[in-house]
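Numbering (the numbering used here), first residue to last: 494 to 916.
We put the beta carbon where it would ideally sit given N, CA and C, even for glycine.
Notes follow once the structure below has been shown.
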C-alpha cells in the first residue's frame, strides 16, 4: 500500500484530491490496506503517525508539500483568511513530519508525478497523478505572493530545509533562476509604484503652490493694513494733541466731554490693535498650513520609496485603499486652508474654549472639520454650526460640514452664519 498525505492546512490539497479519481480518506486510521493507493485529504500530524505506527510499517508513506508562494497566492485569490504566520506554521508542520522515520518520501506538489517516477516504489502509482493540475495562478498573483514572502526570512529558511529532502542539483539551479526572476519582477513593480508616487506628489505640490500664493497675498494685505493702521494712529494722536491743547487754552470743553473723547480715542486704538492681531494670527495659520503641506509631500515621497509599504493580504485592495486615503487627505488639507483663510474660524478662541483640543496637540481647524462640528462645537463666535444646520435642513441632510458649506456656497447664497446676523 502506498499512502500519500500532507501536513499543511490549505484549501489547495483538498481541491486537488477532488479533481483526481483517487481513493481518498480523511485520516490514516481510515486507510484501506487492500488498496494500492490511499490519499489522506485532511492534514496529518506527528501524533497521527505515532498512533498508526503499526499500520504504516507495511506501507510506503509519501508527504506532499506546497511551495509557500502557492499557499499565499491561493489565499489572495479566495476569501480564506490567511497570513504569513499561517505559511510559517504549515512549513514547520511539514518539516516536523518530514523528519519522522515513518515518512519514506517527501515531494513538492508541482513536480509530484515526475518525482514519483524517480523511485521504484513510486513508479507503481505515478500514473494516478499524471493528470494532476497544479494551481493555475496568474503571473501577477504569484509575483505579488513572492514579493510579500520576501519580507519574512523565516519562510525561505524553512522551505529550504524541506527542499533539501527532495530537490536535485538541477532543481536547485532552477530555483535560483526563479529567484533572479522574482527580483526583476519586484524591481518593475517598484518602478510602477514610484511613477504613481510622482503623480500623487505633483498634486500635493500644486496645492502647496496655491497655498504659497495665498500666503503672499495675505502678507501683502497685512502690510497694507499695517500702513493704514499707522496712518490712523498718527491722525488720532494729532487729534489728541489738538484736544489737549484746546483744553489747556480753555477751549470750553467740559470735563465730561474730555473724558468721552479720550475714551473714544482709546477704544479706537484698541480696535485697530485687535484688527492687526487678528491679521497676524491669520497669516500665522496660513504659514502653518503651508508647512503641513510640505510635510505631507515629504512623507508621501518617503513612504512611496519604501519597498515594504505595499504588504497586504491583497495587493489590489491595498492600492485602492492608499489612493482613497491620499485623496481624502488632500481634500482635508484643502478644507483646512480654506477654513484658516476665512473670518469665521478663530484658532485661538477655539483652543481657549475647548481645553481638551489644546491638550491633545491636534491642529484646531483639522479637529473642527473631522470631529468638532459633529460634537456641536463652534469654530468662532461669528459662526454657529448647530443653528446653521437647523436653519438649513438641506445642508443637514447632505451631511456636509456646516462651516465648509457656508464658505463654499452659503455665503454667496446670503445664508446667515448665526441667529443674530443680518447677513
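Give a yes or no on whether the C-beta atoms belonging to residue 529 and residue 498 are separated by under 8 Å.
-> no
Please name the residue, chosen from 864, 914 and 834, that lies closest to residue 893 on a Cα-to-Cα basis.
-> 864
Based on the DSSP secondary-structure assignment, which residues constitute the bridge partners of residue 522?
-> Paired residue(s): none; residue 522 is not in a bridge.
Would you list the one or two residues that DSSP bridges to residue 553?
-> 495
Is residue 837 near residue 858, with beta carbons less than 8 Å apart?
-> no
Just the Cα atoms here: how many angstroms apart are residue 585 and residue 510?
-> 23 Å
Thinking C-alpha only, which one of 904, 763 and 505 is nearest residue 565?
-> 505
Should residue 735 go down as buried or exposed, given a rule of 16 or more other Cβ atoms within 10 Å for buried?
-> exposed
Please state if the CB of residue 651 and the CB of residue 598 are separated by a distance shorter than 8 Å.
-> no
Among 583, 501 and 595, which has the Cα closest to the Cα of residue 917?
-> Outside the shown range of the chain (494 to 916) lies residue 917, about which nothing can therefore be said.
I think residue 590 touches residue 500, with their Cβ atoms under 8 Å apart; what is that distance to the nearest whole Å?
-> 4 Å
Endpoints, alpha helix (DSSP H) assigned at residue 897 = 895 to 898
DSSP beta-bridge partners for residue 873?
-> 876
Chain-order list of residues whose beta-carbon lies under 6 Å from that of residue 608 (same chain, five-residue window excluded) = 600
Nearest neighbour of residue 616, chosen from 654, 555 and 644 [CA to CA] = 555
Taking the Cβ atom as the reference point for each residue, do residue 722 and residue 769 lie within a distance shorter than 8 Å?
-> yes
Cβ-Cβ separation, residue 520 to residue 535 (assumed contact under 8 Å), whole Å = 6 Å
Alpha carbon to alpha carbon, how far is residue 648 from residue 873? Give it in angstroms, no decimals.
-> 57 Å
Residues near residue 495 by beta carbon distance below 6 Å, same chain, minus five either side = 530, 553 and 618
Taking the Cβ atom as the reference point for each residue, do residue 606 and residue 503 lie within a distance shorter than 8 Å?
-> no
Looking at the unbroken beta strand (DSSP E) that takes in residue 588, where does it start and where does it end?
-> Premise fails: residue 588 lies in the alpha helix (DSSP H), 577 to 591, not in any beta strand (DSSP E).
In chain order, what residues of the same chain have a beta carbon less than 8 Å from the beta carbon of residue 581, not counting five sequence neighbours either side?
-> 645, 647, 648 and 651
Rounded straight-line distance, which links the Cα of residue 895 to that of residue 886 = 11 Å
Which two residues bound the contiguous beta strand (DSSP E) that contains residue 600?
-> 598 to 601
Quick one, which of 711, 623 and 882 has its alpha-carbon nearest residue 512's?
-> 623
Where residue 538 falls: helix, strand or coil (DSSP) = coil
Can you tell me whether DSSP reads residue 529 as helix, strand or coil?
-> coil
How about residue 866 and residue 778: do their beta carbons lie closer than 8 Å?
-> no
When you compare only the Cα positions, how much space is there between residue 717 and residue 727?
-> 15 Å
Along the alpha helix (DSSP H) that carries residue 545, what are the first and last residues, could you check?
-> Segment: none, residue 545 is in no alpha helix (DSSP H) and carries neither H nor E.
By how many angstroms is the C-alpha of residue 820 removed from the C-alpha of residue 523?
-> 57 Å
For residue 659, which of 558, 758 and 724 has the nearest alpha-carbon?
-> 558
Residue 898: buried (16+ other C-beta within 10 angstroms of its C-beta) or exposed?
-> buried
How would you call residue 861, buried or exposed, if buried means at least 16 neighbouring beta carbons within 10 angstroms?
-> buried
Could you please give me the residues that DSSP links to residue 517 through a beta bridge?
-> 532
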